[in-house]
Amino acid sequence: MASSLPPPFLAYLEEELAIPRESIQLVLRCQSVTLSSFPMLLWQYGLISLAQLEEILDWLDNLPTPVLTV
């Protein structure tokens, strides 16, 4: 499945937080997803913990903007 999310972000989710690709794809199929809404949707569906949500938001806050362009 093609993703509108930046590859570095997807790699972080899968490699650093060990979020299964299937969980990521589930959210991408079910919603009109933006980078800003994606972490909250993962949490709302119960696919990540509150601690993981905080880690993701911190990671996004600390990235330079050009890395997040698609």
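full-length UniProt numbering applies: residue 1 is where the sequence shown begins, and numbers increase by one.
Glycine included, every Cβ here is placed at the ideal spot set by N, Cα and C.
Taking each of 41, 58 and 16 in turn and checking the Cα distance to residue 25, the smallest one comes out for 41. Judged by DSSP in its simplified three-state form, residue 18 adopts coil rather than helix or strand.
By the neighbour-count criterion, in which 16 or more other beta carbons inside 10 Å mark a residue as buried, residue 50 falls on the exposed side.
Between residue 35 and residue 60, the C-beta gap is smaller than 9 Å, which places the two residues in contact.
For residue 27, the closest of 4, 8, 15 and 58 by C-alpha to C-alpha distance is 4. In this structure, the alpha-carbon of residue 8 lies about 15 Å from that of residue 58. With contacts defined by Cβ atoms closer than 9 Å, residue 47 and residue 23 form a contacting pair.
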